[in-house]
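Chemist: Our numbering numbers the first residue of the sequence shown as 5 and each following residue consecutively.
Input: one structure, supplied below.
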Amino acid sequence: MKQQRDSAEFDQAADRDGPRDECGVFGIYAPELDVSRLTYFALYALQHRGQESAGIATSDGTHIITLRDTGLVNQVFDEDNLRGLTGDMAVGHVRYSTTGSSGWENTQPIYRADNHMIALAHNGNLINAVELHAELSDQNVGFRSTSDSEIIAALVSNSSAETLQEAVAEVMPRLKGAFSTVIVNKQMVVGFRDPAGLRPLALGQIGDRYCLASESSAFDIIGAKFLREVEPGELIALTEGGIETQMVCPGQRRAFCVFEHIYFARPDTKLEGELVQQSRGRMGEILWREAPVEADMVVAVPDSGNPSAKGVSRASGIPMDDGLIKNRYVQRTFIQPGQELRKLGLRMKFTPLPEIVEGKRLIVVDDSIVRGNTTMQIVGMLRDAGAAEVHLRISAPPIRHTCHYGIDMSSHEQMIAYGRSVEEVAHELGADSLAYISLEGIYEAIRGERGTHCDACFTGEYPLADTDLAQGKFALEQLAG
Ligand code: SF4
Numbered sequence: 005m006k007q008q009r010d011s012a013e014f015d016q017a018a019d020r021d022g023p024r025d026e027c028g029v030f031g032i033y034a035p036e037l038d039v040s041r042l043t044y045f046a047l048y049a050l051q052h053r054g055q056e057s058a059g060i061a062t063s064d065g066t067h068i069i070t071l072r073d074t075g076l077v078n079q080v081f082d083e084d085n086l087r088g089l090t091g092d093m094a095v096g097h098v099r100y101s102t103t104g105s106s107g108w109e110n111t112q113p114i115y116r117a118d119n120h121m122i123a124l125a126h127n128g129n130l131i132n133a134v135e136l137h138a139e140l141s142d143q144n145v146g147f148r149s150t151s152d153s154e155i156i157a158a159l160v161s162n163s164s165a166e167t168l169q170e171a172v173a174e175v176m177p178r179l180k181g182a183f184s185t186v187i188v189n190k191q192m193v194v195g196f197r198d199p200a201g202l203r204p205l206a207l208g209q210i211g212d213r214y215c216l217a218s219e220s221s222a223f224d225i226i227g228a229k230f231l232r233e234v235e236p237g238e239l240i241a242l243t244e245g246g247i248e249t250q251m252v253c254p255g256q257r258r259a260f261c262v263f264e265h266i267y268f269a270r271p272d273t274k275l276e277g278e279l280v281q282q283s284r285g286r287m288g289e290i291l292w293r294e295a296p297v298e299a300d301m302v303v304a305v306p307d308s309g310n311p312s313a314k315g316v317s318r319a320s321g322i323p324m325d326d327g328l329i330k331n332r333y334v335q336r337t338f339i340q341p342g343q344e345l346r347k348l349g350l351r352m353k354f355t356p357l358p359e360i361v362e363g364k365r366l367i368v369v370d371d372s373i374v375r376g377n378t379t380m381q382i383v384g385m386l387r388d389a390g391a392a393e394v395h396l397r398i399s400a401p402p403i404r405h406t407c408h409y410g411i412d413m414s415s416h417e418q419m420i421a422y423g424r425s426v427e428e429v430a431h432e433l434g435a436d437s438l439a440y441i442s443l444e445g446i447y448e449a450i451r452g453e454r455g456t457h458c459d460a461c462f463t464g465e466y467p468l469a470d471t472d473l474a475q476g477k478f479a480l481e482q483l484a485g
């Protein structure tokens with residue numbers, strides 16, 4: 005399946021070889037509103053979290069209708085098919101596959117009708133997926149996909165508990181890993197978050213009704229108000245009577261993904277009480293304090309490097325200009341560029357501006373480096389455009405370890421910082437100098453503490469016990485043979 009995917013698509017995201025976004029989820033209970041349209045626009049705001057597939061499931065109290073497909077939100081849905089998605093409540097999903105391949109069968113929401121008829125949308129990654137899959141298979145529970153999300157759906161759907169809330173409360177303690185999840189049945193929408201709170205999940209209000217979303221920016225687009233984050237280990241039911249909350253798994257070590265602050269979340273999202281745009285600006289200021297250099301101009305790698313580049317420019321007093329232009333309207337294409345175009349250095353995503361950078365000593369700011377291919381190209385492009393010096397400043401520490409909690413980071417052998425010193429990485433990338441922000445600098449910028457976050461991709465210290473159970477993205481496919 006992996007090979008099929010690689011040959012069938014030229015992924016624009018691969019052009020920028022950062023960590024891959026994961027998934028975005030949304031849920032709403034609002035019988036008097038057009039719930040499928042609201043879910044569509046919320047997913048539109050969450051598109052950055054997953055570009056492989058999109059789906060919506062609606063429930064009218066009797067039936068659940070699900071529509072899901074590979075592609076972007078605006079490719080999967082149109083006026084006609086949205087009109088068919090009628091109901092009083094809905095859940096939605098955008099996906100980048102962190103477990104299982106990107107085929108149609110792994111799109112979400114996942115529908116199951118064992119004891120409970122449900123549709124489920126999940127963001128995260130279970131580290132005990134293989135174990136749970138084996139247990140369910142022994143009980144003759146069948147699966148139609150190879151994603152770990154269907155394991156959660158199967159456990160909930162097969163529960164003998166009377167209500168959906170009871171079924172979820174029974175299942176939550178059995179799951180290990182990251183799971184920000186929303187489920188719709190005939191009566192309600194239920195949202196829940198893993199006890200470590202690895203991935204975000206927020207509660208919002210629209211009129212007298214309630215909604216749930218991976219990021220608060222999804223509320224802004226539909227005119228909903230951000231109320232608060234769902235607590236780690238908490239279950240919230242959106243029902244006819246309003247909201248019912250329950251702390252199912254209290255008191256475990258919190259481990260919110262620090263990379264959400266650095267890279268994944270939209271700049272207009274609030275995480276842990278901080279606006280992401282402002283935290284990233286502070287990262288730039290701290291980066292300058294930690295690694296100043298003589299230069300003439302600050303250049304951001306657009307768009308994700310913009311806020312921290314502004315911070316570098318602010319703190320240093322060095323002017324910022326657009327030395328690199330991001331090609332607008334670039335979306336995923338299914339047309340292969342072919343070897344020839346690749347060799348010619350097909351510039352799908354960035355174009356350098358020689359008139360701006362020529363003769364200048366540049367500080368080039370980006371949010372992270374994983375494999376380094378794109379960064380190397382950018383350094384080469386800027387030098388070709390006449391830059392006198394290229395000093396890279398990165399608003400994340402070096403990434404040297406894989407993520408087991410829902411982010412696709414490549415294997416550590418592919419990471420440029422793995423087994424290399426900072427000087428060696430700078431040399432490899434062709435930069436005059438390279439500096440990464442320190443881990444302490446990150447926590448200062450997000451106004452948070454290590455003890456309540458995950459930073460394992462930088463440190464190798466995985467916060468959850470049993471992380472060694474995790475068996476990689478295609479483990480369930482291997483089981484399926
Ligand atoms: S390993 Fe990195 S990307 Fe994964 S949850 Fe931890 S901080 Fe986030």
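All C-beta atoms in this analysis are idealised placements derived from N, C-alpha and C, irrespective of residue type, glycine included.
Here the structure is a predicted model, which is why all the values come from computation and not from measurement.
(1) Work out the CA separation of residue 40 and residue 468 for me, nearest whole Å.
(2) Is it right to say residue 203 is buried, meaning 16 or more other beta carbons lie within 10 angstroms of its own, or is it exposed?
(3) Comparing C-alpha positions only, which one of 288, 305 and 171 sits nearest to residue 315?
(4) Which first and last residues belong to the beta strand (DSSP E) in which residue 214 is found?
(5) Using 8 Å as the cut-off, classify the Cβ of residue 405 as near or not near the heavy atoms of ligand 1, replying yes or no.
(6) Cα separation between residue 446 and residue 400?
(7) Confirm the yes/no value for this check: CB of residue 410, any heavy atom of ligand 1, distance under 8 Å.
(8) I want to see whether chain C comes within less than 9 Å of residue 368, judged by CB atoms only; does it?
(9) Can you look up residue 456 in the DSSP assignment and give me helix, strand or coil?
(10) Could you spell out the range, first to last residue, of the alpha helix (DSSP H) harbouring residue 234?
(11) Helix, strand or coil for residue 337, going by three-state DSSP, please let me know.
(12) Excluding the five sequence neighbours on either side, which residues of its own chain have a C-beta within less than 7 Å of the C-beta of residue 20, listed in chain order?
(13) Check each candidate in 168, 357 and 61 and name the one with the smallest Cα separation from residue 119.
(14) Could you check if residue 337 is buried or exposed, using at least 16 other CB atoms within 10 Å of its CB as the buried criterion?
(15) Smallest Cα separation from residue 235: which of 228, 65, 222 and 257?
(16) Tell me the start and end of each unbroken beta strand (DSSP E) in the stretch 260-340 that is at least 3 residues and wholly inside, in chain order.
(17) Report all residues from its chain with a CB closer than 6 Å to the CB of residue 408; omit the five preceding and five following residues, and keep chain order.
(18) For residue 466, is the beta carbon positioned less than 8 Å from some heavy atom of ligand 1?
(19) Whole angstroms are fine: how far does the CA of residue 367 sit from the CA of residue 392?
(20) Where does residue 327 land, buried or exposed, given buried means 16+ other C-beta within 10 angstroms?
(21) Are the stretch 159-178 and the stretch 56-64 touching, with three or more C-beta to C-beta distances below 8 Å?
(22) Over the uninterrupted alpha helix (DSSP H) stretch that includes residue 356, give me the two end residues.
(23) Near residue 85, what residues of its chain come up, given a Cβ to Cβ distance below 7 Å and the 5 sequence neighbours on each side ignored?
(24) Exposed or buried, what is residue 255 when buried is set at 16 or more other beta-carbons lying within 10 Å of its beta-carbon?
(25) Within the chosen definition, does the stretch 199-218 reach the stretch 40-60 through at least 3 CB pairs nearer than 8 Å?
(26) Please list the terminal residues of the continuous alpha helix (DSSP H) segment that includes residue 137.
(27) By Cβ distance, which residues of its chain are closer than 6 Å to residue 227, with the 5 residues on each side in sequence left out?
(28) Quick one: is residue 82 buried, meaning 16 or more other Cβ sit within 10 Å of its Cβ, or exposed?
(29) My output table needs one value for residue 52: the three-state DSSP class, helix, strand or coil.
(30) Spatial neighbours of residue 434 within its chain, please: CB distance less than 6 Å, with the 5 preceding and 5 following residues excluded, ordered by chain position.
(31) Can you tell me where the beta strand (DSSP E) holding residue 72 begins and where it ends?
(32) By a C-beta neighbour count over all protein chains shown, 10 Å radius and 16 as the cutoff for buried, is residue 417 buried or exposed?
(33) Ordered along the chain, which non-local residues of its own chain (more than five positions away) have a Cβ less than 7 Å from that of residue 420?
(34) The beta strand (DSSP E) that contains residue 372, what's its start and end?
(35) Take residue 90 and list the residues in its own chain whose beta-carbon comes closer than 8 Å to its own, dropping the five residues that flank it on each side.
(36) What does residue 90 pair with, by DSSP beta-bridge criteria?
Modeler: The short version:
(1) Straight-line measurement puts the Cα of residue 40 at about 36 Å from the Cα of residue 468.
(2) When all chains shown are included, residue 203 counts as buried.
(3) If we check each option's Cα against that of residue 315, 288 comes out closest.
(4) 213-217
(5) yes
(6) 7 Å
(7) yes
(8) The displayed structure is made up of one protein chain only, and chain C is not part of it.
(9) helix
(10) Segment: none, residue 234 is in no alpha helix (DSSP H) and carries neither H nor E.
(11) Confidence is the limiting factor: at residue 337 the pLDDT is only 49, short of 50, which leaves the residue's position unreliable, though a coordinate-based value still follows. Three-state DSSP puts residue 337 in a strand.
(12) Residue placement at residue 20 cannot be trusted, given a pLDDT of 40 that sits under 50; the coordinates are not used to answer.
(13) 168
(14) Because residue 337 carries a pLDDT of 49, less than 50, the predicted location of this residue cannot be relied on, and no value is offered for it.
(15) 257
(16) Entirely contained in the stretch 260-340, the beta strand (DSSP E) runs reaching 3 residues are, in chain order, 301-304 and 328-330.
(17) Only residues of its own chain outside the window of five on either side were considered, and among them 131, 471 and 474 have a CB closer than 6 Å to the CB of residue 408, listed in chain order.
(18) Yes, the beta carbon of residue 466 sits closer than 8 Å to at least one heavy atom of ligand 1.
(19) 11 Å
(20) buried
(21) The stretch 159-178 is not in contact with the stretch 56-64.
(22) No alpha helix (DSSP H) holds residue 356; the beta strand (DSSP E) holding it covers 354-356.
(23) The beta carbon of residue 85 sits closer than 7 Å to those of 71, all from its chain and outside the five residues before and after it, given in chain order.
(24) Exposed, because fewer than 16 other Cβ atoms sit within 10 Å of the Cβ of residue 255.
(25) yes
(26) In this chain, the alpha helix (DSSP H) harbouring residue 137 covers 133-142.
(27) none
(28) exposed
(29) It is helical.
(30) The answer, listed in chain order, is 383.
(31) 68-74
(32) exposed
(33) 373, 375, 376, 429 and 432
(34) Taken as a continuous stretch (DSSP letters only), residue 372 belongs to no beta strand (DSSP E), as it is neither H nor E.
(35) 40, 62, 64 and 69
(36) Per DSSP, none; premise fails for residue 90.
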